Amino acid sequence: MIHFDNVSKRYPGGYEALSQVNFRLPRGKMGYLTGHSGAGKSTLLKLIALIERPSRGQIILDGVNLGHISNRQVPYVRRNIGIIFQNHHLLYDRPVFDNVAMPLVIQGYRHREIQSRTRAALDQVGLLKKEKSDPITLSGGEQQRVGIARAIVHKPALLLADEPTGNLDPELSLEIMELFERFNQVGTSVLIASHDLDLIQQMGAQALSLKDGRVVDDEISPDEALTGAA
Amino acid sequence: MRKGPQHKTLITAYFIHHIRVLLGSLGHLTRQPLSSMMTMAVIAIALTLPAGLYLALNNISGLSAGWDSSTKISLFLHANVDSKKAQALLNRLQLHNEIEHISMVSKEQGLEQFKQLSGFGDALKFLEDNPLPIVLVIQPIIDPERPDRINHLLKELENDKLVELAQLDMQWVKRLYALLEIAHRVIWAIGSLLGLAVLLIVGNTIRLDIQNRRSEIEVSKLIGASNAFIRRPFLYTGFWYGFSGGLLAWFLTSLSLYMLAEPVEKLALLYHSDFQLSALDTADITSLISISCGLGLLGSWLAVGRHLDEIEPS
Chain A
-3 MIHFDNVSKR
7 YPGGYEALSQ
17 VNFRLPRGKM
27 GYLTGHSGAG
37 KSTLLKLIAL
47 IERPSRGQII
57 LDGVNLGHIS
67 NRQVPYVRRN
77 IGIIFQNHHL
87 LYDRPVFDNV
97 AMPLVIQGYR
107 HREIQSRTRA
117 ALDQVGLLKK
127 EKSDPITLSG
137 GEQQRVGIAR
147 AIVHKPALLL
157 ADEPTGNLDP
167 ELSLEIMELF
177 ERFNQVGTSV
187 LIASHDLDLI
197 QQMGAQALSL
207 KDGRVVDDEI
217 SPDEALTGAA
Chain B
10 MRKGPQHKTL
20 ITAYFIHHIR
30 VLLGSLGHLT
40 RQPLSSMMTM
50 AVIAIALTLP
60 AGLYLALNNI
70 SGLSAGWDSS
80 TKISLFLHAN
90 VDSKKAQALL
100 NRLQLHNEIE
110 HISMVSKEQG
120 LEQFKQLSGF
130 GDALKFLEDN
140 PLPIVLVIQP
150 IIDPERPDRI
160 NHLLKELEND
170 KLVELAQLDM
180 QWVKRLYALL
190 EIAHRVIWAI
200 GSLLGLAVLL
210 IVGNTIRLDI
220 QNRRSEIEVS
230 KLIGASNAFI
240 RRPFLYTGFW
250 YGFSGGLLAW
260 FLTSLSLYML
270 AEPVEKLALL
280 YHSDFQLSAL
290 DTADITSLIS
300 ISCGLGLLGS
310 WLAVGRHLDE
320 IEPS
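As you go down the protein sequences, you meet chains A and B in turn.
Everything in the first sequence is counted per the working numbering, starting at -3 for the first residue and increasing by one.
Everything in the second sequence is counted per the working numbering, starting at 10 for the first residue and increasing by one.
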């Protein structure tokens, strides 16, 4: 699903956020991205979502070389990705339902389909009863679940989450992670950036560890890919 | 891989989406009625001034068109030209493409008119023979765009060997046309400047709107909205500003006209004229509103083009 080939990202000013990162996330797999803050987790996710472009190296997403994607094509790549942010990125001027429906509206779904799919997504995160609420009236965990519903409403092939449990207590965090696992079980590839090592161990999942922009431990790439890339 | 909806439903959905955005942006405006109204009012005032001037000029031109018909060339023929030759000349000139109408005043008619108008009636009885020449009265076709053409015609007529004198009093017509020409240009200049002002007003309003909806734009870009999708509501907002501003300008122009109609009629009456102010016709109204919509769209287009690219998710 995701293939990083010798990817480096250097920001203007010389700071190198990622250096020579190689890894591969197979389709349908769930992986974690760990490391201290500043290790390059967010940068890696941003490269996949085309929010940033790599300085060197290649990223293949779902068989497409992202280096060949023009700025005009970026939206269409993003439509195959669901992105979840630590700070939710919800819009507070509209109710929960409208927030979750946004990806469908953008992709031109019809009214009836928007209704049914949005309700289904809200149901999956357990917020069907809150569809008319304003996001600001919801708790942190609920807001995060609205963000997740919005990320999965259009059934993307890949789910990216950047510190999705950053502001939540351990119990809620576990709940959110289990939610991701459920999506993974129906075939969605998932990559979650988190510094919460306890939680990751608790989930028993495989992780790609970053330190100072370099891969220090890779449990998610298939073995043959690692030797091939090296 | 794309899991989007079917192609056919996409096209229908596309139009439905456009209509929804069109109405949605109108709803967006009505949610901030005061600031929307102020922008519309500024646009309307900026457009009313040139529209009003245009209307005034139109009316003045209409007024002078009535005077055009009073512009006549008197063609005094040589005294020895008899009515037969004069008739031949008249027939020839009737075919001239710059002559609207031509009529002949015979020696006798001329004398009769002279008697009546001059007051020398009795004295003229003592004349042995009629000293007046035959006069051809010509009403030329006046082209407001090319007032010099009438001079060519005058020269041409003077050169005819039967003609002793061709007389035209149209200095004042020329002056009027020159003034109207200047007024025309002034209106164009004012109109262009105020049009530019409308462009800037709409552009600036849309720019503020974009800034206010920054997070919405960022999120939309993150979840795969194309630039066209993000641009659309702002373009429609600009369209609505232009449309409503144009309507309001029409209303203001009509209102001013209505307020002027009575005093103008009174003034016209003092000049024994049945002149009446003419309002904007359908074509004028259509172009006023189209120009206004166009300026609104263009203004928002410029603002959106400049500022949307600056907002990228990070």
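Virtual Cβ for every residue (Gly too), placed ideally from N, Cα, C.
Small disclaimer: the values here were computed from a predicted structure and weren't measured.
Look at HIS27(B): its C-beta is not under 8 Å from any C-beta on chain A.
Excluding sequence positions up to five before and after VAL70(A), its CB lies within less than 8 Å of the CB of LEU46, all in the same chain and listed in chain order. Residues of the same chain with a CB within less than 6 Å of the CB of MET173(A), apart from the 5 flanking positions on each side, are MET199 in chain order. Per the DSSP secondary-structure output, GLU225(B) pairs with nothing in a beta bridge. Scanning chain A for C-beta atoms nearer than 9 Å to the C-beta of SER323(B) yields LYS42, ILE47, GLU48, reported in chain order.
Residue pairing by DSSP places GLU12(A) opposite ARG6(A) in a beta bridge. Residues of the same chain with a CB within less than 7 Å of the CB of ASP91(B), apart from the 5 flanking positions on each side, do not exist.
For GLN82(A), the closest alpha carbon among the candidates ILE(-2)(A), HIS191(A), ASN163(A) is that of ASN163(A). Going by beta carbons, ILE147(B) and MET113(B) fall outside the 8 Å limit. ILE210(B) counts as buried, since no fewer than 16 other beta carbons sit within 10 angstroms of its beta carbon. For LEU231(B), at least one C-beta of chain A is nearer than 8 Å to its own C-beta. Distance from ILE232(B) to ILE102(A) at the Cβ level is roughly 6 Å; contact confirmed, criterion being Cβ atoms closer than 8 Å. By the C-beta density criterion, TRP197(B) is exposed, having fewer than 16 other C-beta atoms within 10 angstroms. Contact annotation for ILE65(A) against chain B: no contact, minimum CB-CB distance about 13 Å [criterion: below 9 Å]. Under DSSP, TYR72(A) forms no beta bridge with any residue. Close partners of PRO99(A) in chain B (Cβ separation under 8 Å): ILE232, GLY233. Proximity of chain A to VAL313(B) at the Cβ level (cut-off 8 Å) is not reached, the minimal Cβ distance being about 16 Å. Taken in chain order, the unbroken stretches of beta strand (DSSP E) that lie wholly in the segment 131 to 166 of chain B and span 3 residues or more are 144 to 149. In the structure shown, VAL211(B) adopts helical secondary structure according to DSSP, grouped into three states. Take ILE188(A), set aside five residues on each side of it, and the residues of its chain with a beta-carbon closer than 7 Å to its own are TYR28, LEU29, ALA157, PRO160, PHE176, in chain order. Note on LYS275(B): under 16 other CB atoms within 10 angstroms of its CB, so exposed under the neighbour-count rule. Close to GLU225(B), with beta-carbon spacing below 7 Å, are these residues of chain A in chain order: LEU87. Between ASN236(B) and LEU317(B), the gap from beta carbon to beta carbon is short of 8 Å. Interface annotation, PHE243(B): not in contact with chain A, CB-CB separation never under 8 Å. Under DSSP, SER190(A) shares a beta bridge with no residue.
For PHE238(B), the chain A residues whose Cβ falls inside 7 Å of its Cβ are ILE102, in order along the chain. Taken through DSSP and simplified to helix, strand or coil, VAL273(B) comes out as helix.
Under DSSP, GLY78(A) forms a beta bridge with LEU155(A). Taken in chain order, the complete alpha helix (DSSP H) segments of 4 or more residues contained in the segment 119 to 149 of chain A are 136 to 148. For ILE56(A), the pairing in a beta bridge is given by DSSP as HIS(-1)(A), ASN61(A). Excluding residues up to 5 positions away in sequence, CYS302, GLY305, LEU306 lie with their Cβ nearer than 7 Å to the Cβ of PHE248(B) in the same chain. If you check the CB distance, SER185(A) and GLY24(A) come in under 8 Å. For ALA175(B), the enclosing beta strand (DSSP E) stretches over residues 172 to 177.
Under the three-state reduction of DSSP output, ARG23(A) falls in the coil class, being neither helix nor strand.
Per the Cβ contact rule, the segment 211 to 218 of chain A is in contact with the segment 8 to 21 of chain A (3 or more Cβ pairs under 8 Å). The criterion of a C-beta distance shorter than 8 Å is satisfied by TYR88(A) and ASP130(A).
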